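If you read the protein sequences in the order shown, they are chains Y and V. Start counting the first sequence at 31; every next residue gets the next number (the numbering used here). Start counting the second sequence at 31; every next residue gets the next number (the numbering used here). The C-beta atom is built at its ideal place from N, Cα and C for all residues, glycine as well. Computed from a prediction, not measured in an experiment: that's the story for all the values here. Report on one structure; see the data block that follows.
2 protein chains.
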Amino acid sequence: MITYEPVGFIHTPFRSLNSIPIQPVAGRNFQGYIDILPEYHECLQDLAGFSHIILIYHFHLSQGFTSQVVPFLDKVPRGLFATRAPRRPNQIGLSTVSLDRIEKNRLFISNIDIVDGTPLLDIKPWIQAADCPDLTSIRSGWLEEKGADFAARFSDNRFTDQDG
Amino acid sequence: MITYEPVGFIHTPFRSLNSIPIQPVAGRNFQGYIDILPEYHECLQDLAGFSHIILIYHFHLSQGFTSQVVPFLDKVPRGLFATRAPRRPNQIGLSTVSLDRIEKNRLFISNIDIVDGTPLLDIKPWIQAADCPDLTSIRSGWLEEKGADFAARFSDNRFTDQDG
């Protein structure tokens, strides 16, 4: 058993899993902020130099999981680990967002796809050499034919009943 | 308090925090595997279509944290959240690795920077639209002048005393 505690909370315009952008690219026009708990304030030093950060957070509205889900972008059930669905064995979410500025304990972010009130577990600086593979080598499985449509699509209520 | 349990364990050539690659790009020539626990076997369906996956794992050798650390690539203390150091408020690690193939419950991976025996918490498919910002917009803070050197450098023992 591994235990974590929130280092802050994420605030966004999205009050429920309905109508949130399905991934940050679709949330490009949406802004939010993160309030970091005071005891971690000093951990934020030097972070403002990074244009993008990776947020690791707890899907606090999700419970349980099924091994296969029908992703937002597909009509066929896919293995859970081949999707970013919120109901997972460990309810961990991951989003790369733009870091617009920092004011004291508050991080202003955009390109967000996260529900308001989400507990934040960690922040990593986005580093091209670590986080972006050689783009000529990418294969994207079931998503490959759906990719072009990605930024335009928003979530429906497919997961709401399961995640409420 | 948020609790998770391992969904599998990561096996690599790196028995300690000494001499592991500092990030996956430096670990390009190293291979390893992940054994997924049997109850999550069905979650792996469709994953083999993805060339790269994001591993979220627990830094099981790390304890505690300090607000500032001297990163491997620098000589100046930096705020913890502006680094990928393993000693963090929540000991969560994040690596994008190549998924070479899957045989039953075993994932064969390369480009790894992870210590042998690390508990795996989650797998996400790497998706360019979600995980790779517009590369013309990237600022990388303190790393910006060190980036070219990134792939060539390996870890020293800077964190060993703290993490052992």
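Item: Does the distance from the C-beta atom of Cys162/V to that of Cys162/Y stay below 8 Å?; Value: yes
Item: Taking the CB atoms as reference points, tell me whether Ile83/Y and Trp156/Y lie closer together than 8 Å.; Value: yes
Item: Using three-state DSSP, classify His71/V as helix, strand or coil.; Value: helix
Item: For Ser92/Y and Val127/Y, what's the separation of their Cα atoms in angstroms?; Value: 21 Å
Item: Per DSSP, Gln61/V forms a beta bridge with which residues?; Value: Ser140/V
Item: Considering only C-alpha positions, which residue in the set Leu150/Y, Phe44/Y, Asp146/Y, Thr42/Y is nearest to Ile122/Y?; Value: Leu150/Y
Item: Who does Glu133/Y pair with in a DSSP beta bridge?; Value: Arg136/Y
Item: For a contact meaning CB atoms closer than 8 Å, what does Leu151/Y contact in chain V?; Value: Ile32, Asn120, Ile122
Item: Output yes if chain Y places a C-beta closer than 8 Å to the C-beta of Gly94/V; else output no.; Value: no
Item: State the beta-bridge partners of His88/V as determined by DSSP.; Value: Ile122/V
Item: Determine, for Ile132/V, whether the minimum Cβ-Cβ distance to residues of chain Y falls below 8 Å.; Value: no
Item: Using a C-beta cutoff of 8 Å, does Gly147/V count as contacting chain Y?; Value: no
Item: Is the CB of Ala115/V under 8 Å away from at least one CB in chain Y?; Value: no
Item: Measuring alpha carbon to alpha carbon, tell me which residue in Lys105/V, Val37/V, Asp143/V is nearest Asn48/V.; Value: Asp143/V
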